[in-house]
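Just below is one structure, and these are the notes that go with it.
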Amino acid sequence: MSEATVRIQKIRKDTVKTRLILFGTLAFLLLIGSVFSEHLTPCDPYLQDLTNAKAAPSAAHIFGTDRYGRDMLSRVIVGSRASIYSTLLLVAVITVVGTGIGVFCGWHGKWIDTVLMRISDMFLAFPGLVFALAVAGVLGGGLQNAIIALAAISWPKYARIARSQTLSQKETPYLKAARLSGSGTWKIIFKHILPNIMGPILVTSMLDIGTMMMELAGLSFLGLGAKPPIAEWGSMMSDTRSLITTVPWVTFAPGLAIFVSVMIFNLLGDTIRDYADPKNRGR
Amino acid sequence: MEQPVLKVESLTKIFTRKGRPDMKAVDHISFELMPGECLGLIGESGSGKTTAVNMITRLLDPTEGRILLDGDDITGISGRELRKVYAKMQMVFQTPAESFDPRRTLGDGIGESLRNNGWGRARTKMEVAELLERCGLSADFASRYPHQVSGGQCQRAAIARALAIKPKLLICDEATSALDVTIQKEIIALLNDLRWKLGGNLSILFICHDIALVQQFCDRVLVMYRGKIVEQGRPDDVIRNPQNDYTKRLIESIL
Ligand SMILES: Nc1ncnc2c1ncn2[C@@H]1O[C@H](COP(=O)(O)OP(=O)(O)OP(=O)(O)O)[C@@H](O)[C@H]1O
Ligand SMILES: [Mg+2]
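If you read the sequences in order, they're chains R and H. With the numbering used here applied, the first sequence corresponds to residues 598 to 880, in that order. With the numbering used here applied, the second sequence corresponds to residues 29 to 283, in that order.
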């Protein structure tokens, strides 16, 4: 390898690291913020003040107030709890369930693998959000049902990855050696297979955080997610969308919040993917 | 009459794949391995040696035939019973570096069979250190990862792992092919040393390409060609007076 390529690789490695630290810190701040959101609000997010309704942004209310005179900034801050929490919960659930099913199929094989993979094909064949709408519609509104609906359509991606990874792991000499050492199925799965396939799966789930946050907000926007008065970004935008021509800031505030957090999580996911790429590692 | 450690009866493996003719990788092979004996298995690349030993270790299901270990039929067993069998039978894989989990230390790999047989953490650690030393490595190799050691060192660690549980039967699948001549000699010396120390308690099935090495090291040799055993006997006899065409060519090619 020439000196120049080595140097370029080193520079790329360094920028990836810087980006990782930057976006990691931002995502972490976002998380901390959502955990302590109740203590961070300048005003009471549920306090109505009709005399001060639809106030334009000012020093007292940076994002203005909504039609009930509630402080938008406080509502956006409190809304982070519902939005970020439920997104992370959702991604965690689909990662665990999808990986579990995928590893089981890959390891076990036979008819049960065929059946489960056909089912996952069916889910993959539907346009995602349309199907989630149908599921959420059947289950009824509520954040919990929205999570269930999105989980139902999102696990197959993870099952596919986990299955193919497990299949390739199964053929490796070290897995044969582990069997020869007398390790049982569970031990092999938890000690050898999972640690070796976690990389690509974690990258996928990091990249999915942004997408899921948007889809969850989308369902809420359509009235199939969080129900008022719970502050949730998607439903806040939906509540205020009739006011967009007269008092645009009430829609703008939660929109900006969604935009910024989706951006941060997407960039973090991208960076983690680059970081996990062996080409960027000085091996 | 002593009972053979390993008895293989008309073992056969046919690989079937869609759109291709069936492939008889191993074709009705039968042989016995007596306690304390070292049996060589030679044959050109693709003759079915690895397939045969994968069936013997039950990593691959045979199409036909029986495998008896210490007189017990192990052909159809699975689960816990099979795991018990692995305390008597161990294998050194053809590719040592890939036979260790890249995310676990060599020590973890070597101690795995002990841990699975109820050994405590501390006792396993001591035993692993001793095994490593017996195989010519220092004890601190236990905390290294597979990519941090050389091929020869990994091979020694693989032998240490196979010996950890004190098996009666050790299968070496080309344990020396990947190594240069000097390291190869050291590994053979190590195996010889083990045989001498353990006497009748260790039988070896030694797979190899190198007929000279087999002559040095083995009591008896089987020659495989296209899935069949075409010749067997004492190495000296086979080399001096080969009966089969393939064996003749093999011997000519190295003399
Ligand atoms: N899983 C499989 N599916 C189909 N064919 C296979 C499979 N494994 C091995 N074979 C074929 O079986 C034959 C025997 O292979 P095997 O690995 O046993 O040879 P070998 O004697 O160990 O060779 P080498 O000395 O190169 O290790 C080869 O022709 C190989 O292509
Ligand atoms: Mg082989």
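Where a beta carbon is used, it is the ideal one built from N, C-alpha and C, also for glycine.
What I want to know is whether the C-beta of residue i ends up closer than 7 Å to one or more non-hydrogen atoms of ligand 1.
i: glutamate 259 of chain H; result: no
i: alanine 74 of chain H; result: Rather than alanine, the amino acid found at residue 74 of chain H in this sequence is glycine. Flag set: Cβ of glycine 74 of chain H near ligand 1.
i: phenylalanine 862 of chain R; result: no
i: methionine 83 of chain H; result: no
i: alanine 53 of chain H; result: yes
i: glycine 104 of chain H; result: no
i: glycine 796 of chain R; result: no
i: phenylalanine 234 of chain H; result: no
i: glycine 71 of chain H; result: yes
i: phenylalanine 43 of chain H; result: yes
Residue i touches chain H at which residues, Cβ-Cβ below 7 Å?
i: tyrosine 771 of chain R; result: Glu126, Ser127, Phe128, Asp129
i: histidine 789 of chain R; result: Asp129
Check the Cβ of residue i against every Cβ in chain R and list those closer than 8 Å, keeping chain order.
i: phenylalanine 245 of chain H; result: Here the premise fails: no neighbours, minimum Cβ distance about 23 Å.
i: leucine 83 of chain H; result: Sequence check: residue 83 of chain H is methionine here, not leucine. Going along chain R, no residue has its Cβ under 8 Å from methionine 83 of chain H, so there is no contact; the nearest lies around 13 Å.
i: threonine 123 of chain H; result: Pro770
i: asparagine 145 of chain H; result: Gly779
Against residue i, what residues of chain H qualify as contacts under a CB-to-CB distance less than 9 Å, listed in chain order?
i: proline 792 of chain R; result: Asp129, Arg131, Arg132
Residues bridged to residue i by DSSP?
i: methionine 117 of chain H; result: H:Leu197
i: glutamate 92 of chain H; result: H:Thr40
i: cysteine 66 of chain H; result: H:Ile232
i: isoleucine 257 of chain H; result: H:Met252
i: threonine 662 of chain R; result: R:Asp668
i: aspartate 101 of chain H; result: H:Leu96
i: lysine 112 of chain H; result: Partner(s): none; lysine 112 of chain H has no beta bridge.
Are the beta-carbon atoms of residue i and residue j separated by less than 8 Å?
i: valine 249 of chain H; j: isoleucine 257 of chain H; result: no
i: alanine 624 of chain R; j: isoleucine 794 of chain R; result: no
i: leucine 69 of chain H; j: arginine 86 of chain H; result: no
i: alanine 733 of chain R; j: alanine 748 of chain R; result: no
i: phenylalanine 169 of chain H; j: leucine 67 of chain H; result: no
i: phenylalanine 128 of chain H; j: aspartate 201 of chain H; result: no
i: lysine 196 of chain H; j: lysine 116 of chain H; result: yes
i: leucine 160 of chain H; j: alanine 192 of chain H; result: no
i: arginine 667 of chain R; j: proline 642 of chain R; result: yes
i: isoleucine 681 of chain R; j: leucine 627 of chain R; result: yes
i: leucine 34 of chain H; j: proline 90 of chain H; result: no
i: threonine 848 of chain R; j: isoleucine 841 of chain R; result: yes
i: threonine 79 of chain H; j: proline 770 of chain R; result: no
i: glycine 255 of chain H; j: glycine 93 of chain H; result: no
i: proline 263 of chain H; j: cysteine 246 of chain H; result: yes
i: serine 835 of chain R; j: serine 817 of chain R; result: yes
i: glutamine 31 of chain H; j: glycine 99 of chain H; result: yes
i: isoleucine 786 of chain R; j: threonine 696 of chain R; result: no
i: glycine 64 of chain H; j: serine 231 of chain H; result: yes
Using a cut-off of 7 Å between C-beta atoms, extract the partners of residue i located in chain R.
i: glutamate 140 of chain H; result: Ala775, Ser778, Ser780
i: leucine 87 of chain H; result: Lys773, Arg776
i: glutamine 118 of chain H; result: Leu777
For the alpha helix (DSSP H) that contains residue i, what are its first and last residues?
i: histidine 56 of chain H; result: Premise fails: histidine 56 of chain H lies in the beta strand (DSSP E), 51 to 61, not in any alpha helix (DSSP H).
i: glycine 695 of chain R; result: 669 to 705
i: cysteine 182 of chain H; result: 179 to 192
i: valine 859 of chain R; result: 846 to 873
i: lysine 153 of chain H; result: 149 to 162
i: serine 780 of chain R; result: Per DSSP, serine 780 of chain R belongs to no alpha helix (DSSP H) and is neither H nor E.
i: aspartate 136 of chain H; result: 134 to 144
i: aspartate 636 of chain R; result: Checking the displayed sequence, the identity of residue 636 of chain R turns out to be histidine instead of aspartate. First-last of the alpha helix (DSSP H) with histidine 636 of chain R: 634 to 637.
i: proline 642 of chain R; result: Here proline 642 of chain R belongs to no alpha helix (DSSP H), and DSSP marks it neither H nor E.
i: tyrosine 755 of chain R; result: 740 to 767
i: isoleucine 215 of chain H; result: 209 to 226
i: valine 836 of chain R; result: The identity of residue 836 of chain R in the sequence shown is aspartate, whereas the question assumes valine. Looking at the DSSP string, the run of the alpha helix (DSSP H) that includes aspartate 836 of chain R is 830 to 837.
i: arginine 268 of chain H; result: 263 to 268
i: lysine 77 of chain H; result: 77 to 84
i: glycine 796 of chain R; result: 791 to 818
i: valine 727 of chain R; result: 725 to 736
i: phenylalanine 245 of chain H; result: 239 to 245
I'd like the span of the beta strand (DSSP E) that includes residue i, first residue to last.
i: valine 251 of chain H; result: 248 to 253
i: isoleucine 235 of chain H; result: 231 to 236
Just checking residue i against ligand 2 - is the residue's beta carbon closer than 7 Å to any of the ligand's heavy atoms?
i: aspartate 201 of chain H; result: yes
i: lysine 77 of chain H; result: yes
i: glutamine 122 of chain H; result: yes
Can you pull the chain R residues whose beta carbon is under 9 Å from the beta carbon of residue i, in chain order?
i: tyrosine 5 of chain H; result: What the structure shows of chain H is the stretch from 29 to 283, and residue 5 of chain H is not part of that stretch, so it cannot be assessed.
i: arginine 304 of chain H; result: Nothing in the structure corresponds to residue 304 of chain H, since chain H is present only between 29 and 283.
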